[in-house]
Amino acid sequence: MIFYRISRHLKWKSGLLKKMASDTGDRTWGHLASTESYGRPSTADEYTELTKEEINSEHYSSKTNACHCLLFARKNKKTFGVYNPRATVLMQMRFDGYIGFPGGLVDSGEDQITALNRELLEEMNLDTSTYKVTEENHIVSHYSTKKNICLHFYALEVPEEDIKKIEVKSLSSKDHGSEVLGVIQVPLYTMGDGVRGFPTFLTHSFIGNSRMQLLISLKKLNILTEDEITSVLNAVPTKTTTATSS
Ligand SMILES: O=c1[nH]cnc2c1ncn2[C@@H]1O[C@H](COP(=O)(O)OP(=O)(O)O)[C@@H](O)[C@H]1O
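Going from the sequence shown to my numbering is simple: count from 1 and add 252.
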């Protein structure tokens, strides 16, 4: 009897997995579009950095491309009067449970900058006439060998007094509550115990190479030094040392 039950359960499970893998357009629970395969878990070693020439080459530009953006404001205000995060950096909680940056896939016939500004309007309700991403804001591009996708990354600095307005306005974006479940600020400091703050933030699950994009940008934008990033990475607690609910 027990074997019968197990085999029935396995049959049901494989049927469900097949159903989830196909895209019938029926967007019910556990059933996403065919492009969702790009968002499945990845490892750092599948990403190679692209040179400027490679980015513009026919070989890579004809592949699936996606663009994402870090919105940030430099600041010199301490948190709790103690920690100095140096900048407010925005990320978002995505529909799939991962943390990532606003942005998305480049549609066919669209250029990368147009796609990114369109996505920033859709996901953040960002006033792209005031805060427009241009080629000058490019930080880095990677190619994922496993998913055959090019991921281009940009960073846009806004005045300190505007960042909160941008966060508030994002609540009325077209995608808020569906693709985007909330904008979050990155805690860019390490607390007295040496692990809470940024090291613990880095234990979350990040989409694609967004964790890598965050660290590269912080260094490139001179928000954190190489030594500071190294000491944060050395302090990242393992999952077993982070708090759980039970
Ligand atoms: O913040 C990010 N950084 C790097 N790659 C990302 C990020 N967010 C998503 N991706 C990758 O880009 C692909 C498409 O992005 P996204 O899910 O934002 O597209 P969409 O809004 O057009 O559906 C994802 O499946 C994932 O592989």
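Just so it is clear, CB atoms sit at the ideal spot from N, CA and C, and this is done for glycine as well. Source: prediction; values computed, not measured.
Within 9 Å, strictly: CB atoms of residue i and residue j
i, j, result
"Val385", "Tyr406", "yes"
"Ser294", "Gly444", "no"
"Gly458", "Gly352", "The sequence shown places Phe at residue 458, rather than the Gly named in the question. Contact: yes."
"Arg338", "Leu454", "no"
"His394", "Cys402", "yes"
"Asn486", "Ser424", "no"
"Met345", "Val484", "no"
"Lys426", "Leu373", "yes"
Run of the beta strand (DSSP E) containing residue i, from where it starts to where it stops
i, result
"Ile436", "432-437"
"Thr340", "339-346"
"Leu323", "316-326"
heavy atom of ligand 1 below 8 Å from residue i C-beta
i, result
"Leu431", "The residue you asked about is not Leu; residue 431 is Glu in the sequence shown. For ligand 1, at least one heavy atom lies less than 8 Å from the Cβ of Glu431."
"Glu375", "yes"
"Ser294", "yes"
"His320", "yes"
"Lys399", "yes"
"Phe324", "no"
"Phe405", "yes"
"Glu371", "yes"
"Tyr290", "yes"
"Gly349", "no"
"Ile468", "no"
"Ser462", "yes"
"Ser309", "no"
"Arg346", "yes"
Euclidean distance between Cα positions of residue i and residue j
i, j, result
"Leu322", "Asn400", "23 Å"
"Glu409", "Arg326", "8 Å"
"Val334", "Leu466", "23 Å"
"Ser430", "Phe347", "6 Å"
"Val435", "Glu306", "32 Å"
"Glu419", "Asn308", "33 Å"
"Tyr312", "Glu387", "17 Å"
"Asp275", "Gly291", "Only weak support is given to the placement of Asp275: the predicted model assigns it a pLDDT of 49, under 50, and the value that follows is read from those uncertain coordinates. So the two alpha carbons sit approximately 15 Å from each other."
"Lys417", "Tyr383", "12 Å"
"Thr380", "Asp479", "35 Å"
"Val392", "Leu302", "8 Å"
"Ser314", "Val447", "43 Å"
"Asn317", "Lys471", "24 Å"
"Val488", "Ile415", "28 Å"
"Thr298", "Ser462", "A small fix is needed here, since residue 298 is Glu in this sequence, not Thr. One C-alpha to the other measures close to 13 Å."
"Glu310", "Phe324", "32 Å"
"Gly356", "Asp363", "12 Å"
"Leu476", "Leu368", "25 Å"
"Ser422", "Leu342", "11 Å"
Residue interval of the alpha helix (DSSP H) (run including residue i)
i, result
"Phe450", "450-453"
"Asn486", "478-487"
"Tyr335", "Counting along the chain, Tyr335 falls outside any alpha helix (DSSP H), and DSSP gives it neither H nor E."
Supposed contact pair residue j and residue i - C-beta distance, whole angstroms, cut 8 Å
i, j, result
"Thr482", "Thr397", "Contact doesn't hold; Cβ gap of about 26 Å is too wide."
"His404", "Pro354", "In fact, because the Cβ distance is near 13 Å, the residues do not count as touching under 8 Å."
Neighbour flag for residue i against chain B, beta carbons, 9 Å
i, result
"Asn308", "Any reference to chain B falls outside this structure, which holds one protein chain only."
Proximity test, residue i beta-carbon vs ligand 2 heavy atom, cut-off 8 Å
i, result
"Leu342", "Ligand 2 is absent from the structure shown, which contains only ligand 1."
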